[in-house]
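Below you'll find the structure, written out as structure tokens, and then a few comments.
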Amino acid sequence: KLEERSKENTEKLQSWRNALKEAASLSGFHSLNMRRESELINEVVNHILKRLDEVFQLRDNKNQLVGVESTVEEIESLLGVESKDVWALGIWGIGGIGKTTIARAIFDKISGDFEGTCFLENVRVESQRPGGLAWLRQKLLLNLLKDENVIPDIDLNFRRLSRIKILIVFDDVTCFTQLESLIGSLDWLTPVSRIIITTRNKQVLRNWEVRKIYEVEALEYHHALELFSRHAFKRNHPDVGYEKLSSNVMKYAQGVPLALKVLGCFLYKREKEVWESAINKLQRILHPSIREVLKISYDGLDDKEKNIFLDVACFFRGEGVNLVMKFFDASGFYPEIGINVLVDKSLIAIDSYNKITMHDLLQELGREIVRQESINPENRGRLWHHEDTYEVVTYNTGTEKIEGICLDMSKAKDIHLNPKTFTKMCKLRFLKFYSSSFNGENKCKVSYLQDPAFAEVKYFHWHGYPLKSLPSNLSAEKLVFLEVPDNNIEQLGDCVKHYSKLNRIIHAACNKLIAKTPNPTLMPRLNKLVFLNLRGSKSLKSLPSEIFNLEFLTKLDLSGCSKLKRLPEISSGNISWLLLRGSAIEELPSSIERQLRLSWLDLTDCKMFKSLPSSLCKLKSLGVLDLHGCSNLRRLPECLGQLSSPILLNLAETNIERIPKSIIQLFMLRYLLLNCSEGHESIPKRPFL
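Rendered as structure tokens:
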């Protein structure tokens with residue numbers, strides 16, 4: 001009828017034809033795919049909400065970003081979002097130029113088009129920590145798969161990912177091996193997936209055969225002025241009378257976004273005289289580098305705030321706020337005020353994981369300030385570079401000026417400590433001997449320590465601690481962090497009774513400690529313990545029952561405890577991970593049912609393990625039950641189907657003869673691993689299979 005009425009108006013008729021043709025080609029939601037109308041409505045509503053989130057997120061970003069809109073559009077076109085191939089794109093430039101900001105803006109804009117997404121921040125920093133790459137890989141899988149319990153089998157996880165469209169941003173990558181460890185190659189990805197890598201090292205992108213590399217350049221003058229003005233004047237342009245002063249600041253900031261932001265915050269609501277003084281100070285700097293520009297904000301701090309800034313720059317970047325606050329509080333730095341001041345001045349930030357972050361340029365600023373204290377490392381307050389630290393501790397040149405020492409032993413030669421190495425360091429607050437490599441080699445040798453000045457130490461980490469007991473003058477009253485993995489400790493000493501102030505992990509993989517029944521009075525003193533790692537304690541025969549009563553203990557690792565046959569009875573507890581891999585455990589106590597939050601139970605290669613108690617089936621949070629290699633295990637509880645949330649049940653390399661019929665009730669079960677044999681009865685099938 002429309003065609004008949006519009007015979008004379010061919011233009012209108014053609015427009016209707018085009019509109020109907022376009023509408024017919026649009027994809028939508030088909031009611032036949034939904035059993036119920038309510039499901040279709042929910043699907044449509046969720047789709048609209050998702051699109052609204054993208055719109056609001058993009059709007060919020062535009063309120064914060066300056067001069068990157070065209071960059072984001074250009075990089076988005078380079079990504080080839082409509083292409084069916086796998087694309088990897090590199091964002092390359094100097095530190096502080098805005099690589100992460102741009103990558104985040106792109107991620108926020110296009111992430112809604114992908115099934116799995118992950119923005120992996122600070123790859124460089126996190127990978128340098130012991131086990132850092134493994135932690136990053138776990139975080140990557142958790143974000144992409146959206147599972148609370150990622151399966152231990154890495155290959156299986158990647159096979160799962162090969163079926164979905166994913167978007168990953170690897171932020172601040174410094175070497176090819178980091179990408180290799182985290183993701184391997186692009187071969188397993190679906191053709192429509194996208195990878196974005198930010199780095200300061202272009203060779204990393206070449207090594208990974210990245211097709212497209214975008215070099216981030218400094219902001220153009222008008223964009224730089226707008227960004228600076230937003231922080232200095234809380235508007236898009238300078239106040240009247242401040243135009244020339246702002247122009248002078250632009251010359252020194254050189255279009256680097258971070259420098260503009262920090263200077264803007266520093267000069268906000270300052271009088272002209274202060275601006276002129278600051279600019280004159282800049283002019284007196286012979287080498288007007290970005291680090292010197294940033295030092296203006298540092299100069300405005302009081303002594304306590306400066307100490308916090310320098311400690312973060314040298315030791316605490318990437319650490320949790322709670323630990324750092326405890327350390328600074330014990331050091332008398334009033335962190336409740338100091339941390340907020342540093343955040344307000346953009347010298348540090350707190351990320352979404354409640355960790356302290358700091359830009360590369362600001363970290364370099366702090367470390368340069370420390371280096372300028374003296375040409376001789378022993379006369380500086382903080383030592384973090386392995387060459388400087390090695391020189392001081394090896395040649396016994398330490399002085400009373402040293403407040404903190406951090407040594408990556410994997411980067412140093414064999415270290416033969418003089419017994420008097422720490423005798424003169426009476427102001428020492430921070431001591432960290434660690435290894436960023438995975439070889440576990442202990443390079444630090446010392447027969448004894450003569451009168452070490454550890455009375456003021458608040459943070460004590462020593463990987464491979466070589467002595468048989470902790471230093472007697474290590475003040476437990478002031479200590480807030482103690483970590484001594486892979487040590488030779490046989491006794492903790494009398495000061496252990498005061499360790500109630502510890503709020504972080506005691507990570508003591510002791511082969512000789514607790515050779516007999518542990519002191520039952522020790523556990524209540526450790527009421528702030530979160531993670532107790534006794535992995536590889538070959539002399540450990542039993543545990544005190546109080547261990548399960550620790551309020552904050554969530555992870556207990558007893559892997560490799562080859563003499564531990566039984567666990568104590570359990571009255572209560574909040575443990576979520578119980579790792580018994582390769583131990584001599586024969587059975588679990590029936591009271592295991594009281595660990596209501598237990599989500600991961602690992603009994604891999606427990607050759608002596610005989611049976612599971614039926615009470616285990618009452619654990620409503622248990623997601624992973626790994627019995628791989630329990631060759632002495634022949635039966636499972638008949639009530640196994642009562643488990644509420646199992647995702648993985650690994651029965652491979654066991655001698656289980658029959659699978660309980662109740663297994664058909666495990667509707668959440670995704671992976672059942674077992675070896676089929678002639679003596680194995682058939683697996684019960686779910687009615688709908």
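Per full-length UniProt numbering, the very first residue in the sequence shown carries number 1; after that it's consecutive. C-beta: ideal position from N, C-alpha, C; glycine also. Just so we're clear, the structure is a prediction, and the values are computed from it rather than from any experiment.
Grab me the residues of residue i's own chain with a C-beta within less than 6 angstroms of its C-beta, minus the 5 sequence neighbours each way, in chain order.
i: Thr117; result: Ser111, Leu167
i: Gly255; result: Ala218, Leu219, Ala224
i: Ser562; result: Lys538, Ala584
i: Gly132; result: Glu126
Excluding the five sequence neighbours on either side, which residues of its own chain have a C-beta within less than 8 angstroms of the C-beta of residue i, listed in chain order?
i: Ser297; result: Val262, Leu263, Cys265, Phe266, Lys345, Ser346, Leu347
i: Gly96; result: Val256, Pro257, Leu258, Ala259, Ile290, His359, Asp360, Leu361
i: Asp605; result: Arg581, Gly582, His628, Gly629, Cys630
i: Asn100; result: Per the sequence shown, the amino acid found at residue 100 is Thr instead of Asn. Around Thr100: Glu121, Asp171, Asp172, Thr198.
i: Lys139; result: Cys118, Leu120
i: Thr554; result: Val530, Phe531, Asn574, Ile575, Ser576, Trp577, Arg597
Helix, strand or coil for residue i, going by three-state DSSP, please let me know.
i: Ile570; result: coil
i: Ile195; result: strand
i: Lys445; result: strand
i: Val324; result: helix
i: Gly116; result: strand
i: Lys99; result: helix
i: Asn533; result: strand
i: Ser38; result: helix
i: Cys406; result: strand
i: Tyr395; result: coil
i: Ile369; result: helix
i: Glu586; result: coil
i: Val173; result: strand
i: Ile75; result: helix
i: Ser611; result: strand
i: Ile166; result: strand
i: Leu625; result: strand
i: Trp16; result: helix
i: Asp187; result: coil
i: Asn157; result: helix
For residue i, list the residues DSSP reports as bridge partners.
i: Tyr671; result: Leu648
i: residue 751; result: Since the first and last residues shown for the chain are 1 and 689, residue 751 lies out of range.
i: Val44; result: BP columns for Val44 are empty, so no partner.
i: Gly90; result: Ile197, Ile213
i: Lys355; result: Gly320
i: Ala349; result: Thr357
i: Lys432; result: Cys406, His461
i: Glu483; result: His461
i: residue 691; result: Residue numbering for the chain in the displayed model covers 1 to 689; residue 691 lies beyond these limits and cannot be assessed.
i: Trp135; result: For Trp135, which the question treats as bridged, DSSP gives no partner whatsoever.
i: Asp605; result: Paired residue(s): none; Asp605 is not in a bridge.
i: Leu205; result: DSSP output for Leu205 lists no bridge partner at all.
i: Asp557; result: Asn533, Leu579
i: Trp600; result: Trp577, Val624
i: Ile415; result: Cys444
Smallest Cα separation from residue i: which of the options?
i: Lys565; options: Lys139, Ile585, Pro238, Lys251; result: Ile585
i: Asp113; options: Arg194, Arg159, Pro130; result: Arg194
i: Thr199; options: Ala259, Asn307, Gly90; result: Gly90
i: Ser539; options: Leu558, Ile663, Asp388; result: Leu558
i: Val484; options: Phe328, Leu145, Leu532; result: Leu532
i: Phe609; options: Ser631, Val624, Gly318; result: Ser631
i: Glu271; options: Glu180, Leu205, Tyr242, Ser615; result: Tyr242
i: Tyr434; options: Ile405, Pro471, Leu142; result: Ile405
i: Cys314; options: Val324, Ala330, Gln363; result: Gln363
i: Leu633; options: Glu477, Ile592, Leu588; result: Leu588
i: Leu65; options: Arg104, Leu78, Leu643; result: Arg104
i: Pro660; options: Cys617, Ser621, Leu622, Val624; result: Cys617
i: Ser576; options: Pro544, Leu79, Leu622, His222; result: Leu622
i: Leu245; options: Lys234, Trp275, Phe233, Lys269; result: Trp275
i: Glu657; options: Leu449, Ala232, Ser611, Lys269; result: Ser611
Excluding the five sequence neighbours on either side, which residues of its own chain have a C-beta within less than 7 angstroms of the C-beta of residue i, listed in chain order?
i: Asn236; result: Glu226, Ser229, Arg230
i: Ala652; result: His628, Leu673, Leu674, Asn675
i: Gly320; result: Asn354, Lys355
i: Phe688; result: Residue confidence for Phe688 is low, a pLDDT of 39 falling below 50, so the modelled location carries little weight; the figure read from the coordinates is stated next. Same-chain partners within the cutoff: there are none.
i: Ile415; result: Tyr390, Val393, Thr394, Met409, Lys443, Cys444, Lys445
i: Leu342; result: Glu305, Ile308, Phe309, Ile348
i: Ala278; result: Leu267, Ile296
i: Pro377; result: Leu383, Asp388, Glu391, Val392
Is it the case that the CB of residue i approaches a heavy atom of the ligand PLP more closely than 6 angstroms?
i: Leu267; result: The model on display carries no ligand, and the ligand PLP is accordingly not part of it.
Starting from the N-terminal side, write out each stretch of the alpha helix (DSSP H) that is 4 residues or longer and does not extend beyond the region 233-321.
-> 243-253, 257-267, 272-284, 290-299, 303-311
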